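The opening residue of the sequence shown carries number 19 in the numbering used here; numbering runs sequentially from there.
Beta carbons: idealized from backbone N, C-alpha and C, even for Gly.
For clarity, every value in this text was computed on a predicted model and none was experimentally measured.
The structure under discussion appears below in the form of structure tokens.
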Amino acid sequence: MANKRDYYEILEISKDASDSEIKKSFRSLARKYHPDKNPDNPEAENKFKEIQEAYAILSEPNEKSKYDRYGHNRPGGSPFGPGGFQGVNINIDDLFGGGIESIFGQIFGNSRPNRNNRGGDLLIRHIVPFTAIIDGYDDELEIESLSACLKCNGLGSKNPDGTKSCPSCNGRGRVQRVERVGPFAQQVVSDCPSCNGIGVIVTNPCNSCNGEGRYNQSKKIKFTVPPGISSGNRIKIAGQGEAARGKNGIAGNLYIEIEIEEHPWFERDDADILMALPVNYSDLLLGTVIEIEHIDGKNLKIKVPPLSKPGDTISIHSRGLPSMRSSRGRGSVTVLLKLDIPKKISKSLKKQLINLRENITNQSLTLEDSIIDEANKRRGN
Ligand SMILES: [Zn+2]
Ligand SMILES: [Zn+2]
Numbered sequence: 019m020a021n022k023r024d025y026y027e028i029l030e031i032s033k034d035a036s037d038s039e040i041k042k043s044f045r046s047l048a049r050k051y052h053p054d055k056n057p058d059n060p061e062a063e064n065k066f067k068e069i070q071e072a073y074a075i076l077s078e079p080n081e082k083s084k085y086d087r088y089g090h091n092r093p094g095g096s097p098f099g100p101g102g103f104q105g106v107n108i109n110i111d112d113l114f115g116g117g118i119e120s121i122f123g124q125i126f127g128n129s130r131p132n133r134n135n136r137g138g139d140l141l142i143r144h145i146v147p148f149t150a151i152i153d154g155y156d157d158e159l160e161i162e163s164l165s166a167c168l169k170c171n172g173l174g175s176k177n178p179d180g181t182k183s184c185p186s187c188n189g190r191g192r193v194q195r196v197e198r199v200g201p202f203a204q205q206v207v208s209d210c211p212s213c214n215g216i217g218v219i220v221t222n223p224c225n226s227c228n229g230e231g232r233y234n235q236s237k238k239i240k241f242t243v244p245p246g247i248s249s250g251n252r253i254k255i256a257g258q259g260e261a262a263r264g265k266n267g268i269a270g271n272l273y274i275e276i277e278i279e280e281h282p283w284f285e286r287d288d289a290d291i292l293m294a295l296p297v298n299y300s301d302l303l304l305g306t307v308i309e310i311e312h313i314d315g316k317n318l319k320i321k322v323p324p325l326s327k328p329g330d331t332i333s334i335h336s337r338g339l340p341s342m343r344s345s346r347g348r349g350s351v352t353v354l355l356k357l358d359i360p361k362k363i364s365k366s367l368k369k370q371l372i373n374l375r376e377n378i379t380n381q382s383l384t385l386e387d388s389i390i391d392e393a394n395k396r397r398g399n
């Protein structure tokens, strides 16, 4: 280690170089010594690796400050583990565009303990009545999920001294191994197999949870369904997913995926709702007002104007659903008029209809003209 060169010297920068100066110098040197540009040149290969190592340390604030303080003789040995720095696989393209941050970022990703120790996310589906879209409401659910052990408080151990820092990974929870990819040695970081990535080993496991610190428990979840919600929307409840293993983890999130119950007659188009209304021939011709119960609690008054035709629509503003996307108020109700033909007719009604037939036909037009008139309307002429 005595003949190891100074990282600043390797990157040809001064000790007070800024982050961007460090990066700039690394990029230019790495481009110069990249193996693609120097095939079969062991000297360039060594230089390339040396530059990478210097950059790996100096680009990570925590590692940089340790290096500034102790140089190459820092306590605890090499920050890259017993094998020292193994080099990373960098495409020459990465040295021109972005991308080196993510490559170097993962080298010391393990320096934060328990980074990976997070409980799983949960997804549950929940049916909401159609009428609840108007005002939203507070709801409650009972779910079963992995929760912190009540006996050991999630520690996993019978007593507070029954855990120790994992010796295989020094409590980091992650270990590095080296993989060869072509001419490169690549550092791969993965969960420590001895402690399953937690960084802690339980020496005196709790009986209730077998040292896991968690087990399946049912719990009540309170949440608010907001107005205007749609099927497929997810309500996120942070920290109510599965508990992490061990004491220092972060619980996962709970996602409640909403399914809106089908309404007996309304179809929904975001904030607008659509219904079909069967109306008899006389009502279409003479016009009428029909009143029905509505989802907002007030009756919906549908005014069918005289001389309406089947297929006509009536729009009633601001009686639809609230919109989650904007504050433009409620959407509208669209009523599609349908001709209601009775399934059968009585003898007396039949008689009256025969009498009516003559009078009801459009007498101002010949049969042919009325067919043409209809065709023109259909074609939009
Ligand atoms: Zn470990
Ligand atoms: Zn326990």
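Beta-carbon gap between residue i and residue j smaller than 7 angstroms
i    : j    : result
I219 : C227 : no
D330 : L355 : yes
Y25  : L76  : yes
G403 : P340 : Residue 403 is absent from the model: the chain starts at 19 and stops at 399.
A72  : L29  : yes
C224 : K182 : no
L159 : I69  : no
I274 : I253 : yes
R337 : V351 : yes
G191 : C210 : yes
G305 : P323 : yes
D358 : N298 : yes
I31  : S46  : no
D290 : G200 : no
I389 : E277 : no
G89  : S96  : no
I310 : L318 : yes
K316 : V307 : no
N135 : K176 : no
Strand pairing of residue i, partner residues [DSSP]
i    : result
R346 : Note: R346 sits in no beta bridge, so no partner.
D287 : D290
L164 : N234
E279 : According to DSSP, E279 bridges with nothing at all.
K142 : For clarity, residue 142 is Ile in the given sequence; the question names Lys instead. In DSSP, I142 forms a bridge with I274.
L318 : I310
R136 : I268
D156 : T242
Unbroken alpha helix (DSSP H) run spanning residue i, endpoints
i    : result
D290 : Premise fails: D290 lies in the beta strand (DSSP E), 290–297, not in any alpha helix (DSSP H).
R375 : 365–378
K395 : 385–397
I413 : Given a span of 19 to 399 for the chain in the structure shown, any question on residue 413 remains unanswerable.
Start and end residues, beta strand (DSSP E) containing residue i
i    : result
I31  : It is not in any beta strand (DSSP E) - I31 carries neither H nor E in the DSSP assignment.
E309 : 306–310
S333 : 331–334
L339 : Per DSSP, L339 belongs to no beta strand (DSSP E) and is neither H nor E.
K356 : 351–357
Short CB-CB distance (under 7 angstroms) between residue i and chain B
i    : result
L318 : Looking at the structure shown, chain B is missing, and only one protein chain is on hand.
Any non-hydrogen atom of ligand 3 closer than 6 angstroms to residue i Cβ
i    : result
S226 : Ligands displayed in this structure: ligand 1 and ligand 2; ligand 3 is not among them.
**Item:** Sequence ranges, alpha helix (DSSP H) only - wholly within the stretch 61–113, length at least 4
**Value:** Within the stretch 61–113, the complete alpha helix (DSSP H) runs of at least 4 residues are 79–88.
**Asked** How about the stretch 102–115 and the stretch 133–145: do they share at least three Cβ pairs that are nearer than 8 angstroms?
**Response** They do not touch, by the three-pair rule.
**Asked** Should the stretch 371–382 be called in touch with the stretch 278–286, which here means at least 3 C-beta pairs below 8 angstroms?
**Response** Because the criterion of three Cβ pairs below 8 angstroms is not met, the stretch 371–382 and the stretch 278–286 do not touch.
**Prompt:** Which ranges does the beta strand (DSSP E) cover as unbroken runs of at least 3 residues, wholly within the stretch 170–254, from first to last along the chain?
**Reply:** Counting whole runs of 3 or more residues, the stretch 170–254 contains the beta strand (DSSP E) stretches 181–183, 192–199, 202–209, 218–220, 232–243.
**Request:** State whether the stretch 187–205 contacts the stretch 159–178, with contact taken as three or more CB pairs (one from each stretch) at a distance under 8 angstroms.
**Result:** Pairwise C-beta distances place the stretch 187–205 out of contact with the stretch 159–178, as fewer than three of them are shorter than 8 angstroms.
**Prompt:** Per the contact definition of three or more C-beta pairs closer than 8 angstroms, is the stretch 144–158 in contact with the stretch 234–248?
**Reply:** Verdict: yes, contact present.
**Contact the stretch 231–242 vs the stretch 259–266: 3+ CB pairs below 8 angstroms** = In this structure the stretch 231–242 lies against the stretch 259–266, because at least three pairs of beta carbons, one per stretch, are closer than 8 angstroms.
**Message:** Check whether the stretch 79–90 and the stretch 48–61 are in contact - that is, three or more C-beta pairs closer than 8 angstroms.
**Reply:** With a cut-off of 8 angstroms, the stretch 48–61 and the stretch 79–90 do not count as touching, because too few Cβ pairs lie within range.
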